[in-house]
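Structure record follows, encoded as structure tokens.
There are 2 protein chains.
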Amino acid sequence: MLNDPMVLAPVADAIRVEPEKRIRDRSATEKAILKAAKSLLAEEGFQNFGINAVARRAGCDKQLIYRYYGGLNGLVEAIGADLGNWVKDRIPEDTGGMFLLTYGDLMERLSLLFLEALRDDPLVRRIVAWEVSENTEQVRRLSEARSKALANWLDRMRGSLTPPKGVDVVAVNAILIAAIQHLVLSASAGGQCAGLALKTSKDWEKAATALKRIVRGVYG
Amino acid sequence: MLNDPMVLAPVADAIRVEPEKRIRDRSATEKAILKAAKSLLAEEGFQNFGINAVARRAGCDKQLIYRYYGGLNGLVEAIGADLGNWVKDRIPEDTGGMFLLTYGDLMERLSLLFLEALRDDPLVRRIVAWEVSENTEQVRRLSEARSKALANWLDRMRGSLTPPKGVDVVAVNAILIAAIQHLVLSASAGGQCAGLALKTSKDWEKAATALKRIVRGVYG
DNA sequence: CAATCAAGTCACCAAACGGTGACGCGCCCT
DNA sequence: AGGGCGCGTCACCGTTTGGTGACTTGATTG
Chain B
1 MLNDPMVLAP VADAIRVEPE KRIRDRSATE KAILKAAKSL LAEEGFQNFG
51 INAVARRAGC DKQLIYRYYG GLNGLVEAIG ADLGNWVKDR IPEDTGGMFL
101 LTYGDLMERL SLLFLEALRD DPLVRRIVAW EVSENTEQVR RLSEARSKAL
151 ANWLDRMRGS LTPPKGVDVV AVNAILIAAI QHLVLSASAG GQCAGLALKT
201 SKDWEKAATA LKRIVRGVYG
Chain W
1001 MLNDPMVLAP VADAIRVEPE KRIRDRSATE KAILKAAKSL LAEEGFQNFG
1051 INAVARRAGC DKQLIYRYYG GLNGLVEAIG ADLGNWVKDR IPEDTGGMFL
1101 LTYGDLMERL SLLFLEALRD DPLVRRIVAW EVSENTEQVR RLSEARSKAL
1151 ANWLDRMRGS LTPPKGVDVV AVNAILIAAI QHLVLSASAG GQCAGLALKT
1201 SKDWEKAATA LKRIVRGVYG
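If you're matching them up, the sequences are chains B and W in order. Mapped onto the working numbering, the consecutive letters of the first sequence carry residue numbers 1 to 220. Mapped onto the working numbering, the consecutive letters of the second sequence carry residue numbers 1001 to 1220.
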């Protein structure tokens, strides 16, 4: 008596009072899908990132994702395309009125800028977490795009400043970037990192001070 | 002759050529499950870490996981129990014949030890990646256990050495640990980190040198 | 008006997932 | 001998997943 189809039929009619007709606008739908994908990835993480979930959030049929983006892969690629502009969108190019006289000045400033930019971009945070958790082709593309953009940024900001002789700038900077990324990820996930609380702004001040000290220690 | 009224009996007999009878040994099965879980997590990562996969690898029925460990949560907890001994199992307590005169000596040595230990422990690597990717209760327990063990280790190794005044040791060390962890994770996932290749042992020598320089820069 | 083609929807598929109840079997104990 | 009791297995449930074919609907053509 529960699952009686005769009873359900009128109910189904009663439900679709207003079908909320979807407009027939491909480019708008494409944008909606991309936006849904980005917000989903940013809020839920890569764990529950799938065709069904994206379609659900975009409010459209998943078939459209296959049609317009060729599946999840294409969608991820589309996300990665924006990633190249990340640094230039989120990080100010000017030096904030400061005069950067030495390479140490520069790296101190860039470190803090990078830290802050990463702190308030949940999408890129998730992507970084994704990069260190999986090794699929998708992720590798994302990683490459981000890595390249980052390197360009570093190089562009360097300007005419010359790093100190005798130190492996690439390696040292990689370690600094690694530290910042892991610090932010760790904080975002559990509110702390290796016993250092990272919740209040006071916590972050301590972290920033320590980071500055490290940068100054190696670059003078 | 037996109480088998089924007509399919001969078919079943034909299929199960050798039943490969599982021995009735609870503790052995428990160990097999735990081992399977650890190896699965280490090799495949937390993505495909589920009841079915563990049971499949352990070669037993998933029901036994529920019975013996109370589900995946209990199993993860059992994994976490071993984690407390990780540092003491994987990292030598002695100083390798070195005389550590200053806090800088100590931290340089500990950094490299931690780096190497993490580099050849895929399980803990996966757990660290898990920690920065999810925020469930499971992961939080793992994270806490590891974090506590790490802090204890640092404190124990410090001995009577006194860190330099005026620097926030906790914060600086957290950043150093973060850097090492992310470096290893990144290398393990994609073979590089922020443009720094991390595949050959020569690559790692460069990374180690840079790390030493950073530690020395901040701790003298 | 009629034909066409893209936009959007629906129904269905096989597979895998976590989870549970029930059953068979063998060992031990009285 | 017989009655538990613990170990292992199996079948099944509902749900979700990625993926595909077939359909309706609407607008713009000739």
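Even for Gly, the Cβ is constructed at its ideal location relative to N, Cα and C. These figures come from a predicted structure and were not determined experimentally.
query                                                                                                                                                                     : result
Name the residue from Arg213/B, Val184/B, Leu113/B and Leu64/B whose alpha carbon lies nearest to the alpha carbon of Lys88/B.                                            : Leu113/B
Indicate whether at least one CB of chain B lies closer than 8 angstroms to the CB of Asp1168/W.                                                                          : yes
Check whether chain W comes within 8 angstroms of Glu134/B, counting only Cβ atoms and requiring the distance to be less than that.                                       : yes
Tell me, please, whether the segment 152–170 of chain B touches the segment 1143–1151 of chain W by the rule of three or more beta-carbon pairs shorter than 8 angstroms. : no
Would you be able to state if there are at least three C-beta pairs under 8 angstroms between the segment 123–139 of chain B and the segment 45–59 of chain B?            : yes
Does the distance from the C-beta atom of Ser133/B to that of Val215/B stay below 8 angstroms?                                                                            : no
With Val132/B as the anchor, note down where its alpha helix (DSSP H) starts and where it stops.                                                                          : Taken as a continuous stretch (DSSP letters only), Val132/B belongs to no alpha helix (DSSP H), as it is neither H nor E.
According to the neighbour-count rule (16 or more other Cβ atoms, all chains shown, within 10 Å of its Cβ), is Asn1073/W buried or exposed?                               : exposed
Counting Cβ pairs, one atom from each stretch, are 3 or more of them under 8 angstroms apart for the segment 1172–1190 of chain W and the segment 170–179 of chain B?     : yes
Take Val1139/W and list the residues in its own chain whose beta-carbon comes closer than 7 angstroms to its own, dropping the five residues that flank it on each side.  : Trp1130 and Glu1131
What does Glu131/B reach in chain W if we use C-beta pairs closer than 8 angstroms?                                                                                       : Ser1186, Ala1189 and Gly1190
The alpha helix (DSSP H) with Ser27/B in it runs from where to where?                                                                                                     : Arg26 to Glu44
Tell me which same chain residues have a C-beta within less than 6 angstroms of the C-beta of Ala174/B, skipping the five on either side of it?                           : none
Considering only heavy atoms of the ligand FAD, does any lie closer than 7 angstroms to the CB of Leu1123/W?                                                              : Absence of the ligand FAD is noted for the structure shown, with no ligands found whatsoever.
Helix, strand or coil, according to DSSP, for Leu101/B in the structure here?                                                                                             : coil
For the segment 143–160 of chain B, list every residue whose C-beta sits within 7 angstroms of some C-beta in chain W, in sequence order.                                 : Ser143, Ser147, Leu150 and Ala151
Just curious, the alpha helix (DSSP H) that Gly1217/W is in, first and last residue?                                                                                      : Ser1201 to Tyr1219
Which same chain residues end up closer than 7 angstroms to Ala55/B when comparing Cβ atoms and leaving out the 5 residues on each side of it in sequence?                : Asp61, Lys62 and Ile65
Using CA atoms only, rank isn't needed, just tell me which of Gly97/B, Gly195/B and Lys31/B is closest to Asp82/B.                                                        : Lys31/B
Assuming Ala58/B and Ala42/B form a contact by the criterion Cβ under 8 angstroms, report the distance between their Cβ atoms to the nearest whole angstrom.              : Not a contact, Cβ separation roughly 14 angstroms.
For chain W, check one thing: does any of its Cβ atoms lie closer than 8 angstroms to the Cβ of Val87/B?                                                                  : no
With 8 angstroms as the threshold, decide whether the Cβ of Val76/B is near any Cβ in chain W.                                                                            : no
Checking contacts by CB at 8 angstroms: is Arg119/B closer than that to chain W?                                                                                          : no
For the alpha helix (DSSP H) containing Ala194/B, name the first residue and the last one.                                                                                : Run containing Ala194/B: none; DSSP gives neither H nor E here.
At a CB distance below 8 angstroms, what residues from the segment 41–72 of chain B approach chain W? Give them in sequence order.                                        : Gly45, Phe46 and Gln47
Could you check which residue in Lys1038/W, Ala1208/W and Leu1115/W has the C-alpha nearest to that of Ile1079/W?                                                         : Lys1038/W
Kindly indicate which residue of Arg1090/W, Arg1022/W and Lys1212/W has the alpha-carbon position closest to the one of Asp1120/W.                                        : Arg1090/W
Under DSSP, the alpha helix (DSSP H) around Ser143/B begins and ends at which residues?                                                                                   : Glu137 to Arg158
With DSSP run on the structure shown, which of helix, strand or coil describes Asp1121/W?                                                                                 : coil
In angstroms with no decimal places, state the Cα-to-Cα distance between Pro1122/W and Lys199/B.                                                                          : 29 angstroms
Is there a Cβ of chain B sitting closer than 8 angstroms to that of Val1124/W, yes or no?                                                                                 : no
How big is the Cα-Cα spacing for Val1218/W and Glu144/B?                                                                                                                  : 31 angstroms
Would you mind giving the Cβ-Cβ distance between Leu1106/W and Arg1158/W, rounded to the nearest angstrom? I have them listed as a contact below 8 angstroms.             : 7 angstroms
What residue range does the alpha helix (DSSP H) around Asn1052/W cover?                                                                                                  : Ile1051 to Ala1058
From the beta carbon of Thr200/B, is the nearest beta carbon of chain W less than 8 angstroms away?                                                                       : no
So which residues of chain W does Lys206/B contact, with C-beta pairs closer than 9 angstroms?                                                                            : Asp1168, Val1170 and Ala1171
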